[in-house]
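K.L.:
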Amino acid sequence: MSEQAIVSGSLSAATATGGWVQLGVQGLPYISFQLQGTFSGTITFYGSVDNKTFIAMSVLPIAADLSGTAVTTSTTEGIWVSTRPTSLVMVRATFTSYSSGTANITIVACG
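The number in the working numbering is simply the position in the sequence shown, starting from 1, with 295 added.
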């Protein structure tokens, strides 16, 4: 049986500056992010190997054949998956630009 970790949270005006949704993913190499809600802004996906320094990470939008272009940000609802198995210990999603609304974010990692 594979292991799994999941977290859900919301980012809005109150949390747009300095807020994030994050998940510990050590030992769980496959990561996905789901964004839902009505919001105007840019959400950036980050990963860290030391839980101190976070770097924007490349993810692929879910498409029928996963042939989309890898991105590090999104301005729309959807699901994105890690481009390859990772050895990260923590991932997060946060607004790097915010205008309005609420983004509901779910992060799932499995091994």
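For each residue, glycine too, the CB sits at the ideal point set by N, CA and C.
1. My output table needs one value for N399: the three-state DSSP class, helix, strand or coil.
2. Taking S327 and I374 to be in contact with their CB atoms under 8 Å, please state how far apart those CB atoms are, rounded to whole angstroms.
3. Which of the three DSSP states is assigned to S377 in this structure?
4. Given this structure, state the Cα-to-Cα distance separating S369 from S377, to the nearest angstrom.
5. Do F340 and T367 have their C-beta atoms within less than 8 Å of each other?
6. Comparing C-alpha positions only, which one of Q299, I402, G314 sits nearest to T389?
P.N.:
According to the structure data:
1. As a working mapping, residue 399 is identified with position 104 in the sequence shown. In the displayed model, N399 falls within a strand according to three-state DSSP.
2. For the purposes of this step, residue 327 is identified with residue 32 of the sequence shown, where counting begins at 1. For the purposes of this step, residue 374 is identified with residue 79 of the sequence shown, where counting begins at 1. About 6 Å; that satisfies the 8 Å criterion.
3. In the sequence shown, residue 377 corresponds to position 82, counting from 1. Note: S377 maps to strand in three-state DSSP.
4. Position 74 of the sequence shown, counted from the first residue, corresponds to residue 369. Position 82 of the sequence shown, counted from the first residue, corresponds to residue 377. Straight through space, the alpha carbons of S377 and S369 are spaced by roughly 14 Å.
5. As a working mapping, residue 340 is identified with position 45 in the sequence shown. As a working mapping, residue 367 is identified with position 72 in the sequence shown. Cβ distance < 8 Å, so F340 and T367 count as in contact.
6. One-based indexing of the sequence shown puts residue 389 at position 94. That would be G314, whose Cα lies nearest to the Cα of T389.
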